[in-house]
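In terms of our numbering, the sequence shown opens at residue 2 and continues consecutively. Note that beta-carbon positions come from the ideal geometry of N, C-alpha and C, so glycine has one too. Read through the structure below, which is laid out as structure tokens, and then see the notes.
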Amino acid sequence: MKNMTSKKTQLTNNDFSILHWSLILGVSIFFIFFPYSRGLFNSFSYEFEPAIFESMLFVFALFFLMIARLYFVWKVDQISAIYSVGILLIPLIYWISTFQAASYHNAVLMVLVTSLLACLFIMGLYLGTTPRSLDVLQTILLLSGYAVILYGTGVVLGLAYTKDAIWFTSGTYRLTSVFQYSNTYAGFLLAFLMGAMFTTVNAKRTWIALMNAAMLTPIWMSLMLTYSRGALIFIPLLVLVILFFLRLDRQIAFVIAFIGSALVTVFTLSPITERYIQIAQIVMPKRDGEPANLLSIQNSLVWQTALILLIGSLVTTLLIWGIRTRYSWLEKKLSALSGRKFASFIVPVGLGGAGILGLLLLLGTGIASSILPSSIAERLQNINFQQHSVLERKTFYVDALKLTSDYPLFGSGGGGWSALYEKYQNNPYVSRQTHSFFAQTLVEIGWVGFSILLLILCVIFFQYLKQYWRERQQQPSHFIFFILAFTLLAHSLIDFDMSYVYIAGLVFFSLGVLVAVYDKKISLTLLKSKVASRWRFLYHGALAVVTLVLIVQAYQEYVGSQYFKSAINKAINEKPPLDELLVTLDQAISYSPKHPAYLVTKIDWLGQAYHQTGDRSYALQAKELIEQIKSTEPYDRQIILSEYRNHKDLGEYNESIEALEEGISKFQWDIKFYEAAIMEYAVNGNSVKDTDPAKAQTYWNRGMELYEEVLHRKQLLMLLPEEQLQGRDFDVTPFIRQAVGQILFGQGRYEDAVSMLKPMVENDLSDVYNRIGVRYYLAALYMLGQSDADLLNRLVEAGPNEKMYLDSLLQ
């Protein structure tokens, strides 16, 4: 019997050891392979969802193995047990918010995303428990980041390219790598710049330090080619925070390595930037759908740029090697000073003062333009708090607070900002992201959820830094997990980096590791005596059930997305009959019955079928679908427009106007809704003016109220700071002008009608809407006893029936 017990114990130990390293292998697969699906960006649109669902299936399946691992290592008297339960509050709050969500589908999507992040946190929490595991996990995260950066370097050289890997905007070619957004890539580079810098000065083995040092020049270069001003502003702040937690000799080494690598970048930046722009102009597709024109390594632009980069990396690596050879000497010289309490403040304070002075010299004089490429120097010199990007972000954050005031406790659900921002926006900007992880979280899960998230983050950082400070002299390498998490979260204050599931995964996994590092040093013996062992099984059982539910949900969404993709491909390439198309589309809807993209597509196809055949049953089917999806997606613009068109198809004109009024109330800066509504009121007023003059006046008066609202909002736009961009156009369009002209004519205000319609006389009269405007203009002139024979001739030439239409107006 004793023998059997011994064998069982041995087998168990072997099992969990294999399980432990299998989980680490799984984590490495996630971080190394999944970022190339556009960083797993969650834009709350179908286009990006399939890759996210694939990553969910992988992580949730991996977490099933993690639950088996937890059976052996989860102990109620360790602080990790509290965190492993506490982190589940975040997806729980997101789930609660689905009951009042502005977009049910996106709210459920965020429940799945935050569940994935919670899984990664728990895996970090229980995998980073031994020195060897920590070393391996550190290597995995660095390799993951460096691989993305090297891919971005391949884009710089013209050897690799994916859609929007370079973003051409405002006359600059901004590098984005896999993220398709340069500011997020800049925040990512910032984290790995700080991580690489720390590793080069702190690694125990010189070859590891030199390998990381070789990455400093590509990271610096890539960071400059993102043209991100926000990231550059964060650099001195992050350096000061990191320095504060290094011992004195490492502080000096860090500063020398930082300044040295930055100077190497400055000297190589101009020739690289010049060639990079030429390469980008060749490689980037000229039109959508065209392939990239990748270059060969033998191309002179490619090998010259690569050679400059290699020389820069070699110089930086030699610099780091030189610094490390002097460590013993440096430590001996500083031994007396290092023991003093104020020693850790000397370098950060001195560097902070020097950094501020250097920044003022760089930005306030012509130094930047003399040492940097003109495109980069110009952006640096434009850094101020009145630039448009700062003013726009301020507007986003104020609007986010306005939105939150209507959903204060549990928020508006995942995707709440993208669904609701146009109802609360100050001006007609377009931004489906708040450009701040914390502002977006506040909008989505309210003050309750936001407070829980903030509490978790603050407690983790405080607990880790408190324990780390006590062994700061040993300078443990796990500090890099703090650097990655803190840097990415800091940059996400001003941008939507955490909307990338890959980046959010890096952060939450690193946070889990930070707790794991000092887990055994904090004991909760009181809990061990108070909590019965059955709760241990309840926790694991509940995790298993919830994980299974998550896998099923993610699988359904993934399969649905594949059916939808197939339906769209058939519609574009094969063009089969509608009945065949609907079979595939209905399969997508059966797997995800509340997905707005799937239902809007079916509604659109049914509408097209109605117009082609005149069969009213198609329109009635569309109406049923609209009523179905609108209950869960009340703020979807496409659904409201579909409802408007459907009512028009069915001859329900009052209901069609109600749909437009709803659109105006929810999208107050969308000029298209104003155009359509004012025109509907004009036309409907004209249709009843003879039979019900009072009703016609009611229609016309409402049309004029909307016109006055457009003018009022135009005045509000005049109050924007000069530097702030307005966003979308919001003005009196020819369509509105024509509709208002009709109303004024119908009300007998002929002089006003002439003034309103006169700007249309020079428009292209081949356009029927322009002809209608000119028709009413000529009729109003006639009513005033005036005429314009030349214009009348032009009108009749453009449309032979125009004379008849004009005569009918004058009867």
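Look up Arg175 in the DSSP assignment and say whether it is helix, strand or coil. strand
For Gln669, three-class secondary structure by DSSP: coil
Determine contact between the region 62–80 and the region 100–109, defined as no fewer than three beta-carbon pairs at a distance below 8 angstroms. Contact fails: fewer than three Cβ-Cβ distances are below 8 angstroms.
Taking the DSSP output, what are the residues bridged to Trp330? DSSP, once it has assigned bridges, lists no residue as partnering Trp330.
Any idea what DSSP makes of Tyr182, helix, strand or coil? Looking at Tyr182 - three-state DSSP - the assignment turns out to be coil, as it is neither helix nor strand.
Mind checking Cys120: buried by the 16 CB within 10 Å criterion, or exposed? The residue in question, Cys120, is buried, as its Cβ has 16 or more Cβ neighbours within 10 Å.
Do Ser85 and Ile123 have their C-beta atoms closer together than 8 angstroms? For Ser85 and Ile123, yes; Cβs fall inside 8 angstroms.
Which residue comes first and which comes last in the beta strand (DSSP E) that contains Trp168? Ile167 to Thr170
Reduced DSSP secondary structure (H/G/I, E/B, other) of Gln812: In this structure, DSSP gives Gln812 a state outside helix and strand, which the three-state scheme calls coil.
With DSSP as the reference, label Gln79 as helix, strand or coil. strand
Could you give the C-beta distance for Tyr645 and Leu621, rounded to a whole number, given that I count them as a contact under 8 angstroms? Incorrect: roughly 16 angstroms between the Cβ atoms, too far for contact.
Could you please give the first and the last residue of the uninterrupted alpha helix (DSSP H) stretch that includes Ser445? At residue 445 the sequence reads Glu, which differs from the Ser that was named. Run containing Glu445: Phe438 to Arg471, per the alpha helix (DSSP H) assignment.
Let me confirm a value: Pro92 is counted as buried when at least 16 other C-beta atoms fall within 10 Å, else exposed. Which label applies? buried
Terminal residues of the alpha helix (DSSP H) in which Phe259 lies: Leu249 to Val284
Segment contact flag, the region 409–425 with the region 103–111, C-beta cutoff 8 angstroms, min 3 pairs: yes
Going along the chain, which residues of its own chain have a beta-carbon closer than 8 angstroms to the beta-carbon of Arg772, five neighbours each way excluded? Leu766, Leu796, Ala799, Gly800 and Glu803
Does the distance from the C-beta atom of Leu331 to that of Leu244 stay below 8 angstroms? No, these two residues do not count as a Cβ contact at 8 angstroms.
Report yes if the C-beta distance between Leu512 and Gly125 is below 8 angstroms; otherwise report no. yes
Is it the case that the region 186–205 contacts the region 442–457, given that we only count it when at least three CB pairs across the two stretches are under 8 angstroms? no
Length at least 3, wholly inside the region 507–589: the beta strand (DSSP E) runs in chain order: none
Can you name the start and end residues of the alpha helix (DSSP H) that Arg70 belongs to? Glu50 to Val74
Integer-rounded CB distance, given that Ser314 should sit under 8 angstroms from Pro219: Correct: roughly 7 angstroms between the Cβ atoms.
Roughly how many whole angstroms lie between the Cα atoms of Phe278 and Met222? Checking the sequence shown, residue 278 turns out to be Ile, not Phe. Cα to Cα, the separation comes out at about 13 angstroms.
Quick one: Cα of Tyr430 to Cα of Leu308, how far? 43 angstroms
Starting from Lys164, trace the alpha helix (DSSP H) in both directions and tell me its first and last residue. Lys164 -> no alpha helix (DSSP H), and no H or E assigned at all.
Could you give the distance in angstroms between the alpha-carbon of Gln609 and the alpha-carbon of Phe34? If you take the alpha carbons of Gln609 and Phe34, they lie about 41 angstroms apart.
Which residue or residues does DSSP assign as beta-bridge partners of Lys42? Inspection of the sequence shows that residue 42 is occupied by Phe rather than by Lys. DSSP lists Tyr501 as partners of Phe42.
Spell out a yes or no on whether the region 73–82 and the region 42–59 are touching, meaning 3 or more CB-CB pairs, one atom from each, closer than 8 angstroms. no
Only counting the same chain, and skipping five residues up and downstream in sequence, which positions put a Cβ closer than 7 angstroms to that of Val137? Its chain contains Ile25 as the residues whose beta carbon lies nearer than 7 angstroms to that of Val137, once the 5 sequence neighbours on both sides are disregarded; these appear in chain order.
Work out the CA separation of Phe73 and Lys8 for me, nearest whole Å. With a pLDDT of only 41 at Lys8, under the threshold of 50, the placement of this residue in the model should not be trusted; the figure read from the coordinates follows. Looking at the two C-alpha atoms, the distance is approximately 17 angstroms.
If I measure Cβ to Cβ from Asp789 and keep anything under 7 angstroms in the same chain, skipping five residues before and after, which residues do I get? Leu779 and Leu782
Are the CB atoms of Thr318 and Leu211 nearer to each other than 8 angstroms? yes
Range covered by the alpha helix (DSSP H) that runs through Thr154: Pro132 to Leu158
Which term fits Val508, buried or exposed, when burial requires 16 or more other beta carbons within 10 angstroms of its beta carbon? The residue is buried, with at least 16 neighbouring Cβ atoms inside 10 Å.
Assign Lys631 to one of two classes, buried (16 or more other C-beta atoms within 10 Å of its C-beta) or exposed (fewer than that). buried
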